[in-house]
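**Student:** To convert a position in the sequence shown, counted from 1, into my numbering, add 18. Glycine included, C-beta positions come from ideal geometry on N, C-alpha and C. This is the structure I want to talk about, given as structure tokens.
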Amino acid sequence: MSAPGHAPQPTGRLGVYVHVPFCARRCPYCDFAVVVTRRIPDREYRDAVLAELARRATAFQDRTLQTLYFGGGTPAMWSPASLGAVIDAVAQRFGAPPIETTVEANPEDLTSAGLTQLRSVGVDRLSLGVQSFEAATLAVLGRAHTPQQARETVVAAADVGFRHLSVDLILAAPGDGPRRVDAELEALAQLGDTIDHVSAYDLTLEPRTSLAVRTERGLLPPVPDEVRAEASAALGDGLRSLGFERYEVSNWARPGGRARHNAAYWRGDEYLGLGIGAHSLRLDAAGPVREANGSRLRDYLADERTLARTAEHLAASTHLAELVMVGMRTTDGVDLQDVEARWSADARAAVARLAERWLRRGHAELRDHRVVPTTPGLDWADAFGADALAELTAPTSEAGSREAARSATYAPRSSPPALDAEGTTRDGAPQPKT
Ligand code: SF4
19 MSAPGHAPQP TGRLGVYVHV PFCARRCPYC DFAVVVTRRI PDREYRDAVL
69 AELARRATAF QDRTLQTLYF GGGTPAMWSP ASLGAVIDAV AQRFGAPPIE
119 TTVEANPEDL TSAGLTQLRS VGVDRLSLGV QSFEAATLAV LGRAHTPQQA
169 RETVVAAADV GFRHLSVDLI LAAPGDGPRR VDAELEALAQ LGDTIDHVSA
219 YDLTLEPRTS LAVRTERGLL PPVPDEVRAE ASAALGDGLR SLGFERYEVS
269 NWARPGGRAR HNAAYWRGDE YLGLGIGAHS LRLDAAGPVR EANGSRLRDY
319 LADERTLART AEHLAASTHL AELVMVGMRT TDGVDLQDVE ARWSADARAA
369 VARLAERWLR RGHAELRDHR VVPTTPGLDW ADAFGADALA ELTAPTSEAG
419 SREAARSATY APRSSPPALD AEGTTRDGAP QPKT
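Right, here's the structure in full:
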């Protein structure tokens with residue numbers, strides 16, 4: 019049965035995402051729409067973001083600000099003064115500072131003095147694009163930093179008071195062998211509890227990127243599926259032994275280290291995305307609206323109002339299916355009480371019916387009023403998502419084809435999800451640091 023279609027209630031919580039699209043160079047696996055430059059239009063971009071915030075924040079004015087996230091690109095290329103100006107303006111607009119302010123950074127971008135400045139303007143969490151602590155892998159990935167720089171940046175960040183540090187790792191790089199994961203785990207063990215969060219993603223060879231072309235020409239070895247699966251399993255075992263908990267398919271945290279900004283997407287909070295390429299989600303009386311900013315920097319800098327934007331009105335049932343899809347990727351699962359409060363009792367019943375087959379197969383369990391994936395069930399996240407889209411959004415008359423779609427897609431994932439070509443889901447949504 020498809021879920022009922024009336025507009026869901028907002029959660030009342032808001033995340034703000036600011037996209038900073040600049041990079042000093044292009045990594046050989048990257049097909050994001052980045053602006054490659056060594057000198058960024060610092061003040062001009064800040065002014066445009068502040069103008070966009072002032073204009074668009076009114077649509078979210080009665081929401082409670084939760085988190086602020088600067089993603090990219092390379093947000094750490096922006097001056098601390100500009101980051102601070104945006105942090106202050108966001109806090110002022112919503113009447114309180116965010117409870118978590120994250121900046122994505124590459125290890126080579128950060129000095130001790132720069133880290134101190136970031137702390138002083140209100141940044142309290144760093145997401146570091148380490149990708150690997152192994153020199154050979156960093157060379158294949160074309161990264162500009164060394165393993166030593168990555169370690170030193172982590173230590174320096176902890177020294178200046180960052181209590182929340184996340185490290186991104188890219189698995190399944192060309193040439194990866196069985197010892198690759200050992201090297202990553204050894205480095206993480208040496209750094210101790212300075213790191214409280216790890217995101218691990220498999221590399222996807224996006225068409226026409228330098229890495230993809232070289233692999234196609236046989237200049238780099240592809241990574242066999244069994245090596246991917248073994249690496250994923252070994253990394254999971256190792257992270258668990260270091261005290262990390264897998265709380266989302268690709269994300270691991272020590273106690274207290276979960277990313278709060280990402281959680282907002284997973285539980286259906288609204289978000290305001292600022293800057294070129296950023297996405298927003300707004301729940302108004304007519305239903306959910308997903309807005310996407312265009313990517314023409316020149317238009318944005320000239321007058322942010324002239325930037326092309328699109329707005330997609332989602333069916334309430336589509337929004338519910340998406341919430342179930344992302345929720346079942348996390349160990350928090352889907353809160354049935356919340357579904358009833360925000361949609362309806364019928365919607366709750368539809369989700370509960372959908373979950374019954376997951377419960378029967380042992381891939382999910384009921385905890386109080388939540389449907390949560392079991393530990394092995396996290397490997398079935400893609401299948402949960404396919405089920406949710408097929409079951410909650412399709413008309414009831416198509417039950418037969420829905421069943422066929424479900425049978426075709428109900429299979430476990432064998433490795434972490436691939437690195438999204440768009441970086442985060444670029445909804446301003448959570449994504450691997452690049
Ligand atoms: S992978 Fe990240 S740092 Fe490298 S070019 Fe792409 S956005 Fe920039």
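In or out: residue 273 buried (at least 16 other Cβ within 10 Å) or exposed?
**Tutor:** Its Cβ having fewer than 16 others within 10 Å, residue 273 is exposed.
**Student:** What does DSSP give as the partner residue(s) for residue 40 in the beta ladder?
**Tutor:** Answer by DSSP bridge pairing, in chain order: 53.
**Student:** So, residue 216 versus residue 185, is the Cβ gap smaller than 8 Å?
**Tutor:** Against a cut-off of 8 Å, the Cβ pair of residue 185 and residue 216 comes out as a contact.
**Student:** When DSSP builds the beta bridges, which residues end up paired with residue 85?
**Tutor:** Answer by DSSP bridge pairing, in chain order: 33, 118.
**Student:** To the nearest angstrom, how far is it from the Cα of residue 333 to the Cα of residue 304?
**Tutor:** About 10 Å.
**Student:** For residue 132, I'd like the list of residues in its chain whose CB is within less than 8 Å of its CB, leaving aside the five on either flank, ordered along the chain.
**Tutor:** Counting only Cβ-Cβ distances below 8 Å, and skipping sequence neighbours, we find 94, 98.
**Student:** Give the range of the beta strand (DSSP E) segment to which residue 184 is assigned.
**Tutor:** Per DSSP, residue 184 belongs to the beta strand (DSSP E) from 182-189.
**Student:** Count the other CB atoms within 10 Å of the CB of residue 70; is the residue buried (16 or more) or exposed (fewer)?
**Tutor:** By the 10 Å Cβ count, residue 70 comes out buried.
**Student:** Cα separation between residue 403 and residue 353?
**Tutor:** Going from the Cα of residue 403 to the Cα of residue 353 covers about 16 Å.
**Student:** Going by beta-carbon coordinates alone, are residue 84 and residue 117 separated by less than 8 Å?
**Tutor:** Cβ atoms of residue 84 and residue 117: closer than 8 Å.
**Student:** Could you tell me the distance, in whole angstroms, from the CA atom of residue 428 to the CA atom of residue 347?
**Tutor:** Because the pLDDT of residue 428 is 48, which lies under 50, any placement of that residue in the model is unreliable, and the number read from its coordinates should be weighed accordingly. Near 15 Å, if we compare the C-alpha coordinates of residue 347 and residue 428.
**Student:** Given this structure, state the Cα-to-Cα distance separating residue 399 from residue 391, to the nearest angstrom.
**Tutor:** Residue 399 and residue 391: Cα-Cα distance of roughly 8 Å.
**Student:** Beta carbon of residue 52: closer than 7 Å to some heavy atom of the ligand SF4?
**Tutor:** Yes, the beta carbon of residue 52 sits closer than 7 Å to at least one heavy atom of the ligand SF4.
**Student:** In whole angstroms, what separates the C-alpha of residue 267 from that of residue 397?
**Tutor:** Approximately 7 Å between the Cα atoms of the pair.
**Student:** Indicate the three-state DSSP secondary structure (helix, strand or coil) for residue 333 in the structure shown.
**Tutor:** Correct three-state label for residue 333: coil.
**Student:** Assign residue 288 to one of three DSSP states: helix, strand, or coil.
**Tutor:** Of the three classes helix, strand and coil, the one that applies to residue 288 here is strand, per DSSP.
**Student:** Are the beta-carbon atoms of residue 26 and residue 229 separated by less than 8 Å?
**Tutor:** Cβ atoms of residue 26 and residue 229: not closer than 8 Å.
**Student:** Among 277, 290, 213, 154, which residue has its Cα nearest to the Cα of residue 31?
**Tutor:** Nearest C-alpha to residue 31: 290.
**Student:** For residue 163, collect the residues of the same chain with a Cβ closer than 6 Å to its Cβ; drop the 5 residues on either side in sequence, then sort them by chain order.
**Tutor:** Correct list, in chain order: 125, 126.
**Student:** In this structure, how does DSSP classify residue 270 when only helix, strand and coil are distinguished?
**Tutor:** Strand.
**Student:** Is residue 311 near the ligand FAD, judged by its Cβ being under 7 Å from some heavy atom?
**Tutor:** As presented, the structure is devoid of the ligand FAD, carrying the ligand SF4 as its sole ligands.
**Student:** How would you label residue 242, buried or exposed, when you count the other beta carbons within 10 angstroms and need 16 or more for buried?
**Tutor:** Residue 242 is exposed by the Cβ-count criterion.
**Student:** Is residue 6 near residue 364, with beta carbons less than 8 Å apart?
**Tutor:** Nothing in the structure corresponds to residue 6, since the chain is present only between 19 and 452.
**Student:** Would you say residue 220 and residue 183 are within 8 Å of each other, going by their C-beta atoms?
**Tutor:** Contact flag unset, no.
**Student:** For residue 321, which three-state DSSP category applies?
**Tutor:** Coil, per DSSP.
**Student:** Going by C-alpha distance, which of 337, 119, 154, 139 is nearest residue 284?
**Tutor:** Among 337, 119, 154, 139, the Cα nearest to that of residue 284 belongs to 337.
**Student:** If I measure Cβ to Cβ from residue 178 and keep anything under 7 Å in the same chain, skipping five residues before and after, which residues do I get?
**Tutor:** If we look at residue 178 and ignore the five residues flanking it on each side, its Cβ neighbours are 130, 133, 134, 137.
**Student:** Does the stretch 315-323 come close enough to the stretch 378-390 to have 3 or more Cβ pairs within less than 8 Å?
**Tutor:** Contact between the stretch 315-323 and the stretch 378-390 is absent, because fewer than three Cβ pairs lie under 8 Å.
**Student:** Which residue or residues does DSSP assign as beta-bridge partners of residue 26?
**Tutor:** Paired residues: none, contrary to the question.
**Student:** Please determine whether the Cβ atom of residue 226 lies at a distance below 7 Å from any heavy atom of the ligand SF4.
**Tutor:** Checking the Cβ of residue 226 against the ligand SF4 gives no.
**Student:** Would you kindly work out how many angstroms separate the C-alpha atoms of residue 72 and residue 111, rounded to a whole number?
**Tutor:** Their backbone Cα atoms lie some 8 Å apart in a straight line.
**Student:** Within the same chain, show all residues whose beta-carbon is closer than 6 Å to that of residue 199, passing over the 5 residues directly before and after it, in chain order.
**Tutor:** Here the set comprises 249, 252, 253.
**Student:** Going by alpha carbons, who is nearest to residue 146 out of 238, 81, 345, 91?
**Tutor:** Minimum Cα distance to residue 146 is reached at 91.
**Student:** When you compare each of 367, 394, 122, 246 to residue 409 by their alpha carbons, which one comes out closest?
**Tutor:** Residue 409 has its Cα closest to that of 367, out of 367, 394, 122, 246.
**Student:** Following the continuous alpha helix (DSSP H) through residue 306, name the residue where it begins and the one where it ends.
**Tutor:** That residue, residue 306, is in no alpha helix (DSSP H); its beta strand (DSSP E) goes 305-311.
**Student:** Residues in its own chain within less than 7 Å of residue 342 by CB, not counting five upstream and five downstream?
**Tutor:** 352, 369, 406, 410, listed in sequence order.
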